[in-house]
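Heads up: take any position in the sequence shown, counting from 1, add 2, and you land on my numbering.
Note that beta-carbon positions come from the ideal geometry of N, C-alpha and C, so glycine has one too.
Beneath this line is the structure, given in structure tokens, with notes to follow.
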Amino acid sequence: MTHSSQLDVVTIGEAMAMFIARQTGDLAAADQFVKRIAGAELNVAIGLARLGLQVGWVSRVGDDSFGRFTLQQLAKEGVDHRCVTVDNRYRTGFQLKARVEDGSDPEVEYFRKGSAASHLSPEDFNADYFGSARHLHLSGVAAALSDSSLALASHAAKEMRARGKTISFDPNLRPVLWRSEEEMRKQLNRLAEYADWVLPGEKEGLILTGYRQPEAIADFYLDKGVRAVVIKTGCDGAWYKTADGEKGVVEPIRVENVVDTVGAGDGFAVGVISALLEGKSLPQAILRGNKIGSLAIQVAGDSEGLPTRAALGDY
């Protein structure tokens, strides 16, 4: 854990203990698992910390073994967790994940309803802590946990925007956590309006905006004041457009052996955010995002593939 009072990035999210089956096949048949940590925003925090950025992660965990495990992993990764509350009323969530080795989407079962993190609220907003960061990263996962967690994300976005900080937003859709798709669309698009950089996937863009073409998706958010939109287009790489009208395609990094695609979008966010905070151009940032995303899909865990600065090379 960093002892610096200044942060590069702060983010909000839920951590879950993740049990990955050791054998491929149906989860029901699995009898051996390896324990890891999971959570979209947590993956981003870990990835940024591995690249040498000072990162703070805000959440709630239960006063239980999974909560202690989360805090241990944060400390191990150098992620600042001064604003993680240990809540003795509610439990830390967990998930079971099937093992895949062929690039297909693994079966995942979540046990998170009523978790400690779902009780995040605007009371968890520490103005001095958030204000010490130059950038806020938000994802649609934290927003989907509960009404109070959504209120925290919205409050943080509003406050950080008022302070002149940059904000990134990854929709990271979790429809099952919302009351309806309409509610999800309304709330996430409202949250996206606070962001400088919006990072949807192509399918997410269709659900949120109703448009299929990347440029139409981008224009939907640019018209609301966003500075840049980067649309992940899978094996085609990424398409981007800025408020200044700059647009283009950044080619993907080819991978011969795709193991597990979970975490690819989080890795992409790590690359884009870290590079933009370093002052690199948007195409350079997207190339780094593609590179880290390509590393993430070559391992079974959600964050194991996220590189250190040395492993990243010239990207």
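Residue closest to residue i, alpha-carbon to alpha-carbon, out of the options
i      : options                        : result
Ile39  : Ser67, Val261, Asp33, Ala31    : Ser67
Leu224 : Gly212, Ala19, Ala194, Arg214  : Ala194
Val102 : Leu154, Ala32, Thr26, Ala30    : Thr26
Phe222 : Met186, Arg192, Asp10          : Arg192
Gly64  : Arg52, Gly41, Tyr92, Leu73     : Tyr92
Leu152 : Arg136, Tyr242, Asp126         : Asp126
Tyr317 : Glu79, Met20, Ile255, Ser305   : Ile255
Gly133 : Asp107, Ser156, Val272, Gly166 : Gly166
Trp59  : Ala158, Val261, Ala245         : Ala158
Asp268 : Gly203, Gly250, Asp246         : Gly203
Gly227 : Ala118, Gly273, Glu183, Ile169 : Ile169
Gly212 : Val232, Ala230, Glu183         : Glu183
Ala146 : Trp180, Gly49, Gln286          : Trp180
Leu210 : Thr87, Arg290, Leu175, Lys249  : Leu175
Thr87  : Ala119, Phe113, Arg114, Tyr112 : Ala119
Arg187 : Val260, Cys85, Glu206          : Glu206
Boundaries (first-last residue) of the alpha helix (DSSP H) holding residue i
i      : result
Tyr131 : 129–133
Thr26  : Unbroken run through Thr26 is the beta strand (DSSP E), 18–26; no alpha helix (DSSP H).
Thr211 : 204–211
Gly250 : Note, Gly250: premise wrong, no alpha helix (DSSP H); beta strand (DSSP E) at 249–252.
Lys293 : 284–298
Gly327 : Because the chain in this structure spans residues 3 to 317, residue 327 falls outside the shown range and cannot be described.
Leu314 : 311–314
Three-state secondary structure assigned by DSSP to residue i
i      : result
Leu175 : coil
Ser6   : Residue confidence is low: Ser6 scores 49 on pLDDT, short of 50, so the model does not pin down where it sits. Its coordinate-derived value is still stated next. Correct three-state label for Ser6: coil.
Ile219 : helix
Ser141 : strand
Thr168 : strand
Arg192 : helix
Gly136 : It is Arg, not Gly, that sits at residue 136 in the sequence shown. Strand.
Asp126 : helix
Cys237 : helix
Gly305 : As written in the sequence, residue 305 is Ser, which differs from the Gly given in the question. Coil at Ser305, not helix or strand.
Gly69  : helix
Residue range of the beta strand (DSSP E) that includes residue i
i      : result
Asp2   : In the structure displayed, the chain extends from 3 to 317; residue 2 sits before or after that span and is not available.
Asp89  : 86–89
Val232 : 230–234
Ile39  : 35–40
Ala100 : 96–101
Glu111 : 110–113
Ala240 : 240–244
For residue i: DSSP bridge partner residues
i      : result
His157 : His157 is not bridged to any residue.
Asp82  : Gly58
Lys226 : In DSSP, Lys226 forms no bridge with anything.
Trp199 : Ser170, Ala230
Gly64  : Asp89
Near the ligand GDP: residue i beta-carbon under 7 Å from a heavy atom
i     : result
Asn90 : The model on display carries no ligand, and the ligand GDP is accordingly not part of it.
(message) Pairs of beta-carbons, one from the region 119–139 and one from the region 13–28, closer than 8 Å: are there three or more?
(response) Output reads yes: the region 13–28 touches the region 119–139.
(message) Within 8 Å, do at least three Cβ pairs link the region 103–112 to the region 236–251?
(response) The region 236–251 vs the region 103–112: no contact.
(request) Report yes or no: do three or more beta-carbon pairs, one from the region 42–50 and one from the region 137–145, lie closer than 8 Å? (result) With a cut-off of 8 Å on Cβ pairs, the region 42–50 is in contact with the region 137–145, counting three or more such pairs.
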